[in-house]
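Structure first, then comments.
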Amino acid sequence: MNTKTLLTTAVAATVLMGPALAMAEYRIGITQNNVGVDSYQTTYERAFIEAADANSDVRAVVLDAGGDVARQIAQVDDLIQQNVDAIIIWPTNGEAVIPAVRRAQNAGIPVVVTNSNIAEQGFDFIRSFSGPDNVTQGRRSAEIMCDKFKDMGIEDEAQVVHITGQPGYTTAIERAGGFEERLPEVCPNVEVVDTQPGDWNREKAQQVMEAFLTQYDDIDGVYSGDDNMGVGALNAARAADRDGIIFVGATNFAVGYDAMAAGEYWGSIYQSPVDDARAALQTAIDVLDGEDVPFLNYFDTPKITQDNMDQFTKPVF
Amino acid sequence: MANIASKQVLTVLGKQGILIAFVLFMVIFSLANSNFLSLDNLQSVIRSSAILGVMALGVTFVVISGNLDLSVGSMMSFSTIVVLDLHDKLGPNLAIPTMYLMTLGLGGFIGYLVGYLRLNSLIVTLGMLSAIHGLTLTYSGGQNMDIADKSNTWFGFFGRGEIFGLPVPIILFILLAAFLGVLLAKTPFGRKVYAVGGNPTAAAFSGIPRARTVFTCYLISAFCVATAGLIQASRSMGSQNTVGQGLELEVLAAVILGGASLLGGSGTIFKTVIGILILGFIQNGLLLMGWPFYVQFVITWIIIILAVWLDISVKRGKLWVSN
Amino acid sequence: MTQQSPALRLEGIVKTFPGVRALDNVSLDVLPGEVHALMGENGAGKSTLMKVLGGIYQPDEGLIYVGDTPVVMSNPLDSKAKGIVFIHQELSLAEELSVAENVYLGELPTLSFGRVDWKTLYEKTDAILSKLKVGFNARTLVGDLSIANQQMVEIARALTVDAKAVIFDEPTASLTDAEKLVLFEVIADLKSQGVGIVYISHRMEEIFKMTDRVSVLRDGQYQGSLLTADTNEEQITQMMIGRKLDLSRAPITHELGDIALEVRNLSCGSSYQNINFQVRSGEVLGFYGLVGAGRTEIAETLFGLRQPSAGTILLDGEQMHINSPSAAIKAGISLVPEDRKTQGLVLGMNCRDNMTLPQVDDMSAGPFVSDGAEVAVFDLYRDRLDIRTPGWRQTVGNLSGGNQQKIVIGKWLSMHPKVLIVDEPTRGIDVGSKSAIHKLIRELAASGYAVIVISSEMPEVLHVSDRIVAMFSGEIIRTFTSEDVTEDNLIQAISGITPK
Amino acid sequence: MISEFIKRNLSTSAIWLFIIFELLFFSIAGHYLSFSDGAFMDLNNMLLLLNQSAPIGIIAVGMTLIMVNGNIDLSVGAVFAIAGIVMLDSMTWPVFAGLGDWVIVVSWTLALLAGALLGALNGLIVWKTGVDAFIVTLGSMLGYRGLVFMFNGENPTSHLNWTLIDFAEAQFLGFNTATWFLAASVLVIWLVTRYTVHGRNAYAIGNNRNAAVNAGIRVGPHMVINFVIIGFLAALSSVVFYSGSGSVNPNDGQLYELWVITAVVLGGTKLAGGSGSVIGTLGGVIAIQLLRKGLGYIGADTSTVNLVIGLILIVVLFIDRQLNVKGAQELRV
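Chains as they are written, first to last, in my numbering: chain A, 920 to 1236; chain B, 1212 to 1534; chain C, 23 to 522; chain D, 47 to 379.
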C-alpha cells in the first residue's frame, strides 16, 4: 500500500513536473540580502516569485542570505554548483561578494546585481546592475528638503538631523553620501547638526530622535534613510509635541505615504520593490536572450511630496 | 588596619556599587550636558527603557529560578506583530487578550520543556529564539504590520497615552515592577523561586515543585514580553518582524548588571530596575554628548564586568583569584 | 619511643584568621610505619591543619619537617612532590576520564610537546591497581565504576608517589566491609614500607582497630597524644570535648502509642525488596546497615521521591499513595535527608526562610508571607533546639555543621509530622552537637512522634533506637528489640552473615 | 556496563545518523522539489559543503575546547570581525608597502595575533576576576563589537588582493583552501584533546573542577590557553574567509556565537563541561550547513529554515535526555 502510494506520487510528479522542467528555458538563481527584515524585501521576494511564475520560460531558485555575507557567498557557490543559467544577487556587502561573483563569471554564469550595487572592482564580473540609483535618491531628498526650506523662508538658518540606515550597508552609505553632498550645493547655509544610524529600524530611529529632540532645541528638518525610520522619528516628535519639523525620507513606505496624506510628513522618494524585482528578473532574461543591456540599469525613483502624492498609488508595503 | 579599611570599602562598594555607579553616571552626564537632568529627558529615558525594562522584570524571575531566557527578543517581535495584525481583524478588545494568550502559549511551551522535561534552558531558548522568529515570519509572511487607521483607535493608549502627565508605558513599567517586586519578595511563590534557583535538590526535598515553579517563571516572562510587545505595538502602531531582535542580550545584561547571579537564587526586582535605568541613561547620556553609539557598547562591557566582579569579590573577600 | 626521626613533624604551627586563632601552637609527629589517628570535633582545627599540610594555607608561625628537612608547601601538588599525600573524604574524581588519568591527575607523564605518555601511564596505573586487587583496569572510565571502586581510585592516587606521609581523611565513609578490609590491607602495606600515616576518622571502632597512636585537637589547640593501646573511647572523647559523653542507652520512660506507619511488601527496583515494618508513635525505629543496603532509598520512597514498584504504605492504618514530597508532607511524613548541604538547605538563604520553606504556603497573611508568623516559628525552634545564630537573617551557609543540621531538624519538626525520618542525623557533626541531637531524638519520641533513624554508626543506632532494623543488600535481615540486640549479632546481620 | 557502552556510542554517533538522514531526505525531496539538474549527493556538492562549513566550523572546533573546559565564549563573532579588519586594513598600511605580496603573511600573522590577544584578554578576566565566562564574554561580545566600529566607523573595511583571493579559491588534492584549514583545525585540536596534557587537563577541569584543583592542576592558565586558542581559531576562520571575500562589514559575525554553540551542542558536547569531542562538533557543523543547503535546495524560505533549525536543536536535546533518562524507580529531584 505504502509503496504503491509512493509510486503513484512519483509517477504523478514526473508527469506533472517532467514537462515543466523540460520546457523551462532559463533557470535563474537569486540570493537576496535579508528577507523578512522589512516589508520592502519581503514584497520584493514575492514580486520576484510572481514574475518568475508568470513567465513559463523561467524557473527561479530563490534564496535568502539572512543578512550574513558568509551565507550569501555559500549560496552563490551553491547556485554555481547547481549550474543555473544566471545569478541575480542582492549583495549583503558590495565588496565581499566580488570574488564569489568572479567565480560565477569564470563558470560562465552571467551575474546581475539587484537593488544595491557592488563595488567598482567587481564591475568586470557582472553583466548589469538593476536597481535604484541611491546616490541620486540622496541628492533628490536633499533637494526636496531644501526646496521646502526655501518655501518656508528658513533656508539660511535651518538645522537638520540625519538618521542613516544600517551601518556598512551600501544603500545607506550611498544615500547618506548623496544627501550630504547635495545639500550644501543647494542650501549652503543649512547645517546638518548630527547624524546617527537608525539601522533601518523604526524603533531605533524613534529612540535616536528622542535624544536629538532633547539635545537640540531647534530642529527644522529630519532626513531619514528610509520612511520606516522617518515615521519612527515622526512618532518621537509627535510624542514630544514638537511641531513644524520637515520630515524627508526615502523608499516611500505605506506608513510614510499615510503620514504624508495626514500632512505630518513632507516628502520621500518613490521606489517600488515590485518594479525593482521585475526589473532585475527582466535584466537577467535580457542578458540570457543576448540582448544589449545597459550596465547601470536604473529604474526611475521619482520625488514624492505632499504636493504631488496624488500622482502615485499607495505603496503596498 | 589598612587592610580592614579596604575590606570595608569593598563591602560597601559591593553592596551599593550599582547605586553608586548609577549616581556617578548621573552626575557626570548632567555636568557634561545641561539637558541631561531635564524632566523631559528623564521622562524620555524612562519611557524608552520601559519596553526593555518590562521584559527584564520577567527575565529576572527566570534567572533567579536558575535558568536563562534568550528567546524574549524574538518572542517580543511575535507579540508585536500578532497584536498589530489582530487589531485590524478583531479590534483591540479581542486582539490584546488573544495576543496575550498566544504569547503565554509560547512561554508555557518553553516552561514545559525546561520545567517538566528538564531540558537545558540555554539551548531550549536558543532554539526558540530561532524558531519563534521563523514563526513570526510565517505568520506575517514577512510583511511589516501596520494599523490601517491609526487615528481612529484607542489602541495607542498603551504606548502614547498619558495619565496625569505621566506616559502610560512608564506607568505600566512601574505598576508591573511593583507587582512583580512584591510577588518575588513577599509571597510564597517568590520564596519558592529563590529556593528552586538556590538549590533545586533541597527545594525538592522540601516538597517544593521545581517543575511548576520554573514553568510559572516562564509564564511570567512571557506575560512581560507580551506587555512589552503591546507597548511597542501601541507606540509605533506598526512594526517590522525584527523589532525585538537582539533585545534578549540587552535584557540579560541589565539583569546581570542588577546583580542577579546566573547560577540562580539571587537578585531582586529593584536591582533589575536599577540595571535597566543605568543602561538607559548610559545610552542616552552618550547620545546627548554626541558620542557615537558604539562607545556605549564598550562602556557597557566595562560596567558589566566591573559590577559582577565587585559583587563576587565581596563574597570571597578578595579582589583577585590566584589559582 | 624509638629514636628514628619522624616521617612528618609539625612544630608550633599557628594559623590565625580575622578574629579566630584556628591553629594555636600545634605540634605533632608521625613516625615512619606508624598509623597516627588525628581526632577532634568539627571546628577543632583538623581541616585547617590539613590545608596547611596541603599548601593551601601558609602557617603564620611554626615549621613543617618531612624527615629531617624543613619544607614549605605552596600548593597541593607541591606538598605531594615533597612526599605528603592526601586521600580525601569527598570523592574528587573526573568521571569522564579514565582511571589512569584520575590516578595521575595533575601529573600525567609527558613526552615532548606536552604529549601524554599513555603507555607509561597505563603501565604504572595497572601496577598500582594490581596491588589494590580491584576488578577494573587503568583504561576503565571512572564514571562506569561503583562509588566504592571510585574510592579505590582515590586511594590508588596516594600510591603514585614515594610518599613519606599519607593522610587519610574519613576514608571509609562510603566503603563496604569487604572494601574496608582491602583498604586496611593497603594501610598495613604502606605501614610496612615505613610510611607515616595520619588517619582522620570519627569512627572509634576503626581508630582502635587500625591506629597506633591518637592525637587530639580541641579549639585549635593540641591536647596531647596517647598510645591507642593504652587508652579507651571515653578518654579520647573527653579530650575532644573536655567533658564526659554519655553513650549509654536512654531508658524508655514513656508508653508507646498506636502504629503510626506500616509498610507492607514494599519493593523498589533493584534498590530494595519486600520490606515490611511498623513504627508506633513514641517509638524510635533504627535502620542500620551499610551504605547501599537500601535504607536511604526506603526513606526517599516514603517521602515520595521514588516510586515503589510494589507494596503498600499505611499511615494510621490508612493506605496512602505518596507520589511526591508534598503529598508526603501533607500525609504527615517528614524527612531530614542525609546530606544537609545538597539536600537539606538552600545555603544562600537565611536561617528563617530555610526553616519555614516546606510550609511557606501556609505562612501567608492574605497573598503575602507573614513575617511575624515566620519569625515566631523560627524563634520557637531556635530556642527549643538551641540553635546558635546571630539572628534569623544570618545566611545558613555561614553556620557550623551542627547548627545547620538543627535548622533542618527544626524545619521538619515545625511541620508537626506524625512520622519523622532522620537519615544520618549526625554525619560530619562534632561530638558535642551529636549528643545534643541524640537527646533531641529521644525527646521527640517521648513527646509522641514516630521516629525513624537511619545511621551507619552503630553506637548511634544503639543509643537512640527502641528497635533496630538490620538491612543487607536491599532486604531486611532481622528486626532487633532492645532486649535481644548485641553488637555482634547486629554486625553479623548487616554483613550478610546468617546468625547461628 | 554494556548498555552504558551502547548509550555512550549511540549519543556520539547520533549526529552522523542525523546527517545520513538529512542526505537521504534532501536527495529524495530534492528529486521532486528542486529545479536543479544535479543530484544533491553529488561529490562536488559534498566538497562544497565542507568548504562552506569552514567559517562556523573552525570556530566551533575552538568552542568545543572551551565548552569541554566548562566555559563558554559569546564573543567569537566580534573577534571574527576584528581579525578580518586587522587583516584587510593592515595590507594597506604604508609601513608594509615595500613587501609586495609578502604583506599577506604579515597581515595574516597580525590578524591571528589580534584574535589570540582578544581571547587572552577574555581568559585573563575570567581567570583573575573569577567572573563567570558567560558574563565576561557577553560583555566582551558588546565591547569587542564596539572596537570593530571604532576601527572604521560604520563603514566596511575593504581591500581586494587578487593573489590572496586566488589562494583562498585554490584547490589542493581536490579540496579547497578553507576545507584544508577546517580539516587542520579539527585534526590539531583533536590531537590536543586526546594526546596532550593540556587537553586532558581541560577535560578534567570541566568534569570536576574541585578534583582538578585538589590535584594541583592550575585551572586558570589552562582556561587562558583555551581562550587564546578560540580567539586564534576565530581569527583563523576570519582570515580564511576574508581572504576570499575582501571586505568586512562592521556587523559581520553577529549571531555566529549562536550558530557555533548550536553546532557544538548538536555534536554532543555537554554544556556542563567535561565531555565532548571535536569530531562530534564537525558532525554538528556539517549537519547545520547541510540543513541550510538542503532547505535552500528544496526551496524552503527563511522562516522555515529558522523554524526547523530551532526545533531540531530542541528535539536533539530531548532525545539526548531520553537516552539518559533514569528509571521510573529512580530518585526524582
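Backbone N, C-alpha and C define an ideal beta-carbon position, used for all residues, glycine too.
Closer than 7 Å by beta-carbon distance: list the chain C residues that pair up with T242 (chain D), in chain order.
As a working mapping, residue 242 (chain D) is identified with position 196 in the fourth sequence. Under the 7 Å cutoff, chain C gives G136, R137 and V138.
Would you mind working out which of A:T1055, A:Q991 and A:A1196 sits nearest G1096 (chain A), comparing C-alpha positions?
In the first sequence, the residue the question calls residue 1096 (chain A) occupies position 177. Ranking A:T1055, A:Q991 and A:A1196 by Cα distance to G1096 (chain A) puts A:T1055 first.
Neighbour-count burial assignment, R1371 (chain B), 16 or more Cβ in a 10 Å radius:
Your numbering for residue 1371 (chain B) matches position 160 in the second sequence. Answer is buried; the Cβ neighbour count reaches 16.
Terminal residues of the beta strand (DSSP E) in which M61 (chain C) lies:
Against the third sequence, residue 61 (chain C) aligns to sequence position 39. Note, M61 (chain C): beta strand (DSSP E), V57 to M61.
Tell me which residues share the same chain as G948 (chain A) and place their Cβ nearer than 6 Å to its Cβ, disregarding the 5 neighbours each side in the sequence.
As a position in the first sequence, residue 948 (chain A) is number 29, starting the count at 1. Correct list, in chain order: V980, L998, V1003 and I1006.
Answer yes or no: do G1491 (chain B) and V1256 (chain B) have a C-beta to C-beta separation smaller than 7 Å?
Position 280 of the second sequence holds residue 1491 (chain B). Position 45 of the second sequence holds residue 1256 (chain B). One thing to note: G1491 (chain B) has its Cβ within 7 Å of the Cβ of V1256 (chain B).
Under the three-state DSSP convention, the category N298 (chain C) falls into:
To locate residue 298 (chain C), count along the third sequence from 1; it is residue 276. Of the three classes helix, strand and coil, the one that applies to N298 (chain C) here is strand, per DSSP.
If you draw a straight line from the alpha carbon of I193 (chain D) to that of G165 (chain D), how long is it in whole angstroms?
Taking the fourth sequence and counting its residues from 1, one reaches residue 193 (chain D) at position 147. Taking the fourth sequence and counting its residues from 1, one reaches residue 165 (chain D) at position 119. Per the sequence shown, residue 193 (chain D) should be read as Leu rather than Ile. Approximately 14 Å between the Cα atoms of the pair.
Rounded to whole angstroms, what is the Cα-Cα separation between F158 (chain C) and V368 (chain C)?
Taking the third sequence and counting its residues from 1, the one referred to as residue 158 (chain C) is at position 136. Taking the third sequence and counting its residues from 1, the one referred to as residue 368 (chain C) is at position 346. So the alpha carbons of these two residues sit roughly 38 Å apart.
Kindly list, in the order they appear in chain A, the residues whose Cβ is closer than 9 Å to that of G1353 (chain B).
Residue numbering aside, residue 1353 (chain B) sits at position 142 when the second sequence is read from its first letter. Those within 9 Å of G1353 (chain B) in chain A are V954, G955, V956, D957, S958, Q960, T961, T962, E964 and R965.
Should M1287 (chain B) be listed as close to the ligand FAD, given that the test is whether its C-beta is under 6 Å from any heavy atom?
Although the ligand FAD was asked about, the structure shown includes no ligands whatsoever.
As assigned by DSSP and simplified to three states, the class of M1448 (chain B):
In the second sequence, counting from the first residue as 1, residue 1448 (chain B) sits at position 237. Correct three-state label for M1448 (chain B): coil.
Buried or exposed: which applies to F278 (chain D), given that a residue is buried once 16 or more other Cβ atoms fall within 10 Å of its Cβ?
Taking the fourth sequence and counting its residues from 1, one reaches residue 278 (chain D) at position 232. Buried, since its Cβ has 16 or more Cβ neighbours within 10 Å.
To the nearest angstrom, how far is it from the Cα of Y288 (chain D) to the Cα of Q991 (chain A)?
As a first step, residue 288 (chain D) must be located in the fourth sequence, where it is residue number 242. As a first step, residue 991 (chain A) must be located in the first sequence, where it is residue number 72. So the two alpha carbons sit approximately 13 Å from each other.
Just to confirm, are A160 (chain D) and G299 (chain D) a CB contact at a threshold of 7 Å?
Here residue 160 (chain D) corresponds to residue number 114 of the fourth sequence, with the count starting at 1. Here residue 299 (chain D) corresponds to residue number 253 of the fourth sequence, with the count starting at 1. No, they are not a contact pair.
Which residues in chain D sit within 8 Å of S114 (chain C), going by Cβ to Cβ distance?
As a working note, residue 114 (chain C) is residue 92 in the third sequence. Result: N254, N256, A257, N260 and A261.
Report buried or exposed for T209 (chain D), applying the criterion of at least 16 other Cβ atoms within 10 angstroms of its Cβ.
Taking the first residue of the fourth sequence as position 1, residue 209 (chain D) is located at position 163. So T209 (chain D) ends up on the exposed side.
Given I1442 (chain B), which residues of its chain have a CB within under 6 Å of its CB, disregarding the five upstream and five downstream residues?
Here residue 1442 (chain B) refers to the residue found at position 231 of the second sequence. Within the same chain, and ignoring the five residues on either side of I1442 (chain B) in sequence, the residues whose Cβ sits closer than 6 Å to its Cβ are I1262, F1369, G1370 and P1380.
Would you kindly check if the distance between the Cβ of G128 (chain C) and the Cβ of L167 (chain C) is under 7 Å?
Along the third sequence, read from residue 1 onward, the residue named residue 167 (chain C) stands at position 145. Along the third sequence, read from residue 1 onward, the residue named residue 128 (chain C) stands at position 106. No, Cβ-Cβ distance for L167 (chain C) and G128 (chain C) is not below 7 Å.
Compare the Cα-Cα distances from Q1040 (chain A) to each of A:R1022, A:Q994, A:A1178 and A:I1017 and report the closest residue.
Position 121 of the first sequence, counted from the first residue, corresponds to residue 1040 (chain A). Closest by alpha carbon: A:I1017.
For a cutoff of 7 Å on Cβ pairs, would you count G313 (chain D) as touching chain C?
Working through the fourth sequence from its first residue, we reach residue 313 (chain D) at position 267. Not closer than 7 Å to any Cβ of chain C, the Cβ of G313 (chain D) fails to qualify, so no.
Just list the residues that DSSP pairs E1110 (chain A) with in beta bridges.
Within the first sequence, numbered from 1, the residue matching residue 1110 (chain A) stands at position 191. E1110 (chain A) pairs with A:Q1078.
Identity of the residues DSSP links to D1357 (chain B) by a beta bridge
Looking up residue 1357 (chain B) in the second sequence gives position 146. Answer by DSSP bridge pairing, in chain order: B:G1449.
List the residues that DSSP assigns as beta-bridge partners of K37 (chain C).
In the third sequence, the residue the question calls residue 37 (chain C) occupies position 15. Bridge partners of K37 (chain C): C:L45.
Which same chain residues, not among the five before or five after A280 (chain D), have their C-beta less than 7 Å away from its C-beta?
As a working mapping, residue 280 (chain D) is identified with position 234 in the fourth sequence. For A280 (chain D), where only same-chain residues beyond five positions count, the Cβ hits under 7 Å are I105, G108, V122, V125, F126, A129 and G161.
Should V175 (chain C) be flagged as near chain B, meaning a C-beta pair shorter than 7 Å?
As a working mapping, residue 175 (chain C) is identified with position 153 in the third sequence. Closer than 7 Å: no.
To the nearest angstrom, how far is the alpha carbon of P1240 (chain A) from that of D1075 (chain A)?
The requested residue 1240 (chain A) is not part of the displayed model; chain A covers only 920 to 1236.
Determine which residues of the region 411–429 of chain C have a Cβ less than 8 Å from any Cβ of chain B, and write them out in chain order.
Residues of the region 411–429 of chain C with a C-beta atom less than 8 Å from some C-beta of chain B do not occur.
Coil, strand or helix - T378 (chain C) by DSSP
The residue you call residue 378 (chain C) lines up with position 356 of the third sequence. The answer is coil: DSSP assigns T378 (chain C) none of H, G, I, E or B.
Taking Cβ positions only, does N1541 (chain B) come closer than 7 Å to chain A?
Outside the shown range of chain B, which is 1212 to 1534, sits residue 1541 (chain B), and nothing can be said about it.
Cα-Cα, which of C:V491, C:G76, C:M61 and C:Q26 is closest to T318 (chain C)?
Residue numbering aside, residue 318 (chain C) sits at position 296 when the third sequence is read from its first letter. When only C-alpha atoms are compared, the closest one is C:V491.
Would you say L442 (chain C) and Y403 (chain C) are within 7 Å of each other, going by their C-beta atoms?
Here the question's residue 442 (chain C) lines up with position 420 in the third sequence. Here the question's residue 403 (chain C) lines up with position 381 in the third sequence. In this structure, Y403 (chain C) does not lie closer than 7 Å to L442 (chain C) by Cβ.
Determine whether the beta carbon atoms of M1356 (chain B) and S1450 (chain B) lie at a separation below 7 Å.
Here residue 1356 (chain B) is taken as the residue at index 145 of the second sequence, counted from 1. Here residue 1450 (chain B) is taken as the residue at index 239 of the second sequence, counted from 1. Cβ atoms of M1356 (chain B) and S1450 (chain B): closer than 7 Å.
Use the C-beta contact count for K1529 (chain B): other C-beta atoms within 10 angstroms, 16 or more gives buried, fewer gives exposed.
For this step, residue 1529 (chain B) is matched to residue 318 along the second sequence. By the 10 Å Cβ count, K1529 (chain B) comes out exposed.
Residue range of the beta strand (DSSP E) that includes N1216 (chain A):
Here the question's residue 1216 (chain A) lines up with position 297 in the first sequence. Where N1216 (chain A) is concerned, the enclosing beta strand (DSSP E) stretches over L1215 to Y1217.
Among all the DSSP beta bridges, which residues are the ones paired with M493 (chain C)?
As a working note, residue 493 (chain C) is residue 471 in the third sequence. Paired residues: C:G311 and C:I498.
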